[in-house]
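Okay, so the sequence shown: first residue is 1 according to the UniProt record's numbering, each after it adds one.
Note that beta-carbon positions come from the ideal geometry of N, C-alpha and C, so glycine has one too.
These numbers were taken from a predicted model, which means no experiment stands behind them.
Have a look at the structure below, then the notes.
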Amino acid sequence: MAGETLLETDVLVIGAGPVGLALAIELGMQGRRCLVVEQHDRVGLAPRAKTTNVRSRELMRRWGVAGKLAQAAPFGVDYPSNVVFATRLAGRELARFTNAFYCSPRRDERFPEHAQWVPQYKVEEVLRDHAQSLPGVQVRFSTRLEDFSQSAQGVEAVLAGPDGPLRVRAAYMAGADGARSTVRARLDIRMEGVSPLSHHRNIIFHAPGLAGMHGLGPAVMYWLVNPEAPAVVAPLDANDMWTFGYARRDGEEPAIEGLMRAALGLDIPIDIRHRDEWTAHRLTATRYRDGRVFLAGDACHLHPPFGGHGMNMGIGDAVDLGWKLAAALDGWGGPALLDSYEVERRQVHRRVVDEAVHNLSHSSGSLWRDGLEDDGPAGDAARREAERAILASKRQEFDSLGVVLGSRYEQSPVLAHGPEAGGEAWDSTRYVQSARPGCRAPHAWLAPGRERGASLFDHFAFRGMTLLATRPAARDAAQALAAQAGTDVPLTVVAPPIDGLRELYGADLVLIRPDQYVAWRGHDPQEGAMALELAAGRAAVHA
Numbered sequence: 001m002a003g004e005t006l007l008e009t010d011v012l013v014i015g016a017g018p019v020g021l022a023l024a025i026e027l028g029m030q031g032r033r034c035l036v037v038e039q040h041d042r043v044g045l046a047p048r049a050k051t052t053n054v055r056s057r058e059l060m061r062r063w064g065v066a067g068k069l070a071q072a073a074p075f076g077v078d079y080p081s082n083v084v085f086a087t088r089l090a091g092r093e094l095a096r097f098t099n100a101f102y103c104s105p106r107r108d109e110r111f112p113e114h115a116q117w118v119p120q121y122k123v124e125e126v127l128r129d130h131a132q133s134l135p136g137v138q139v140r141f142s143t144r145l146e147d148f149s150q151s152a153q154g155v156e157a158v159l160a161g162p163d164g165p166l167r168v169r170a171a172y173m174a175g176a177d178g179a180r181s182t183v184r185a186r187l188d189i190r191m192e193g194v195s196p197l198s199h200h201r202n203i204i205f206h207a208p209g210l211a212g213m214h215g216l217g218p219a220v221m222y223w224l225v226n227p228e229a230p231a232v233v234a235p236l237d238a239n240d241m242w243t244f245g246y247a248r249r250d251g252e253e254p255a256i257e258g259l260m261r262a263a264l265g266l267d268i269p270i271d272i273r274h275r276d277e278w279t280a281h282r283l284t285a286t287r288y289r290d291g292r293v294f295l296a297g298d299a300c301h302l303h304p305p306f307g308g309h310g311m312n313m314g315i316g317d318a319v320d321l322g323w324k325l326a327a328a329l330d331g332w333g334g335p336a337l338l339d340s341y342e343v344e345r346r347q348v349h350r351r352v353v354d355e356a357v358h359n360l361s362h363s364s365g366s367l368w369r370d371g372l373e374d375d376g377p378a379g380d381a382a383r384r385e386a387e388r389a390i391l392a393s394k395r396q397e398f399d400s401l402g403v404v405l406g407s408r409y410e411q412s413p414v415l416a417h418g419p420e421a422g423g424e425a426w427d428s429t430r431y432v433q434s435a436r437p438g439c440r441a442p443h444a445w446l447a448p449g450r451e452r453g454a455s456l457f458d459h460f461a462f463r464g465m466t467l468l469a470t471r472p473a474a475r476d477a478a479q480a481l482a483a484q485a486g487t488d489v490p491l492t493v494v495a496p497p498i499d500g501l502r503e504l505y506g507a508d509l510v511l512i513r514p515d516q517y518v519a520w521r522g523h524d525p526q527e528g529a530m531a532l533e534l535a536a537g538r539a540a541v542h543a
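Printed below as a string of structure tokens:
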């Protein structure tokens, strides 16, 4: 075609939101070439996600950008992550959760990075800057996927960009292009589940001095429980920018400004800057892969945003897919490794979708009861009962470390589960570190502070596998395993001088993947060498 430009890359990523950018960073830092294209001229048109959770932040620590994201937090990392329930913003307090989502910067033994309240568009800015700084990564905006085909050798795509048509040849392609995924549609992959669950509206508005017009104190969210205008309002950014979200009702709605004043309990000017309509779904793709093309993020799973899991789960998708694609491209990742992407991630998606739908069922509107705004003993009694109900029904939304860090892969073709598979039942709020294969590796601090090198995770290999020797006496066995494995699969031996590591991990030797998940643990180097082949996708699951 006249004027057409031909470009070759390792992986073509469609979509430059947080998931696409995360995938590009993972590939770029694994030394692979990646082209990311986005049909819009920029991303971050609305705040959408506002919580970057503990898991995403520790993955960002791997990339070296956790500190940059902390600097981008509009209110600073010390801003209290309280979630307050009240009848109205200027009304009566009903209940509160402190340190929601684990945003407190105080040190915790279980993870190296706290969560962060920060608008999604700021997350995207940090990720985009880092992605574009990597030698093998290109990001192109105002560029739309027109068509693609694939063969045993790779994928060929036709793009429409601002400078004319572009033809791209890549070994693999990933659709990280959101709920209305073009890639998913072209592959004729269905979404199954329930839709719609409910319809919502989010308003971005400017309200000078609003933070000082109520007595509820600083918080990341205010849940407003009243019969006229149940809603959630939250400070968004500096310069008095706020968000106001509510479920749309059937029939005639009152003017938005009046609805907002009723919810706030304040007769103030309402300066609306942006309106965003969205629908809650409970949907999962029937397939996450077609040959050399993969789906990630909202392109393969859709659920309500309550609990802050959506963007964060998509970043987890990107890391899982990214290191596996890099391993395949580098030649040491076998066919079972890419097959494991859907098998593993679908287990997490099912659990998180269930959590999010449960959280949606306990919305502001569902929490109202008569008498909450009454004076006197009857009103006090109604508010005490409301507090008990809120603390019981909403805890798993704001105290969800069991979901964020405790999600595990109970089945996988590349994990040596063995006889110890299973374990404790899922618990949304309770997280107990476990080194069973399929679990995120237990965390430990090696030194004071949060600087690089202080966390055990900082010593895990970014490319290839890590073999952790949990006590000095196990170092020789670790070296023997590494020698037996040869050079086919990249393997880094780590033997940190820290007490209690053997007890924490429950074995002398532990094989840890680039995504910080345990692939095997044991004592026998020969068994470990077999587990390494399995983890690389080059051996069948053994009995």
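Worksheet entry | Rounded C-alpha distance that separates Met1 from Leu166 | Low local confidence applies: a pLDDT of 47 at Met1 is under 50, so the model's placement there is unreliable, with the coordinate-based value given in what follows. Looking at the two C-alpha atoms, the distance is approximately 10 angstroms.
Practice prompt. Please go through the same chain and pick out, in chain order, the residues whose beta-carbon is closer than 7 angstroms to the beta-carbon of Arg88, but skip the five residues on each side of it.
Written response: Leu224, Asn226, Ala263, Leu264 and Gly265
Discussion item. Only counting the same chain, and skipping five residues up and downstream in sequence, which positions put a Cβ closer than 8 angstroms to that of Tyr246?
Written reply: His200, Arg201, Ala229, Pro230, Ala231, Val232, Leu259, Ala263 and Ser364
Discussion item. Taking DSSP's pairing of strands, which residues face Pro165 in a bridge?
Written reply: Ala160
Worksheet entry | Burial state of Asp250 (16 or more Cβ within 10 Å) | exposed
Worksheet entry | Residue nearest to Val19 in terms of C-alpha spacing, selected from Ser393, Ala174, Ser400 and Ala185 | Ala174
Worksheet item: Grouping DSSP H, G and I as helix and E and B as strand, with all else coil, what is Leu224?
Response: strand
Fill in: Whole-angstrom distance between Asp354 and Lys394, CA atom to CA atom
14 angstroms
Worksheet item: Of the residues Val126, Asp108, Lys50 and Ala100, which one's Cα is nearest the Cα of Ala66?
Response: Val126
Discussion item. Pull the bridge partners of Phe148 from the DSSP assignment, please.
Written reply: Ala157
Worksheet item: Tell me which same chain residues have a C-beta within less than 7 angstroms of the C-beta of Leu187, skipping the five on either side of it?
Response: Asp290 and Val293
Item to complete: Would you kindly report the start and end of the unbroken alpha helix (DSSP H) that includes Tyr121?
Response: Gln120 to Ser133
Discussion item. For Ala328 and Leu337, what's the separation of their Cα atoms in angstroms?
Written reply: 8 angstroms
Worksheet item: Between the C-alpha atoms of Glu156 and Glu8, what's the straight-line distance to the nearest angstrom?
Response: 9 angstroms
Fill in: Among Ser400, Phe141 and Trp278, nearest to Gly161 - alpha-carbon criterion
Phe141
Worksheet entry | Neighbour-count burial assignment, Ile390, 16 or more Cβ in a 10 Å radius | buried
Discussion item. Suppose the cutoff is 8 angstroms on Cβ atoms and the five residues either side in sequence are ignored; what does the same chain contact list for Ala543 look like?
Written reply: With a pLDDT of only 34 at Ala543, under the threshold of 50, the placement of this residue in the model should not be trusted, and no figure is reported.
Item to complete: Report the residue from Glu253, Ala519, Ser400 and Leu210 whose alpha carbon sits nearest the alpha carbon of Pro269.
Response: Leu210
Worksheet item: Which class does Ala90 belong to by DSSP, given the choice of helix, strand or coil?
Response: coil
Worksheet item: The beta strand (DSSP E) with residue 545 in it runs from where to where?
Response: Because the chain here runs from 1 to 543, residue 545 falls outside it and cannot be looked at.
Worksheet item: Between the Cα of Gly411 and the Cα atoms of Pro448, Glu385, Val343 and Gln433, which residue gives the shortest distance?
Response: Residue 411 is actually Gln in this sequence, not Gly. Minimum Cα distance to Gln411 is reached at Val343.
Worksheet item: Under 7 angstroms from any heavy atom of the ligand MN, does the C-beta of Gly31 make it?
Response: In the structure on display, the ligand MN does not appear, and there are no ligands present to speak of.
Fill in: Buried versus exposed call for Glu397 [16 or more other C-beta atoms within 10 Å across all chains shown]
buried
Item to complete: Just grab the DSSP bridge partners of Met465 for me.
Response: Leu491
Worksheet item: Closest by CA to Arg184, which one among Ile14, Arg107, Arg538 and Ala477?
Response: Ile14
Item to complete: Would you mind sorting Asp177 into buried or exposed? The rule is 16 or more other CB atoms within 10 Å of its CB.
Response: buried
Item to complete: List the residues that DSSP assigns as beta-bridge partners of Glu8.
Response: Arg169
Item to complete: Would you tell me roughly how many angstroms separate the C-alpha atoms of Leu511 and Asp298, rounded to the nearest one?
Response: 31 angstroms
Worksheet item: Exposed or buried, what is Gly331 when buried is set at 16 or more other beta-carbons lying within 10 Å of its beta-carbon?
Response: exposed
Discussion item. By alpha-carbon positions, which one of Glu146, Arg275, His309 and Ala285 ends up nearest to Phe101?
Written reply: His309
Item to complete: Evaluate the contact criterion for the stretch 531-540 versus the stretch 511-521: three or more CB pairs, one atom per stretch, below 8 angstroms.
Response: yes
Worksheet item: By a C-beta neighbour count over all protein chains shown, 10 Å radius and 16 as the cutoff for buried, is Thr98 buried or exposed?
Response: exposed
Worksheet item: In whole angstroms, what separates the C-alpha of Arg430 from that of Arg144?
Response: 43 angstroms
Worksheet item: Exposed or buried, which one is Ala24 when buried takes at least 16 other CB atoms within 10 Å?
Response: buried
Worksheet item: How is the beta strand (DSSP E) around Ala285 delimited, first residue to last?
Response: Asp271 to Ala285
Worksheet item: In three-state terms, what does DSSP make of Tyr517?
Response: strand
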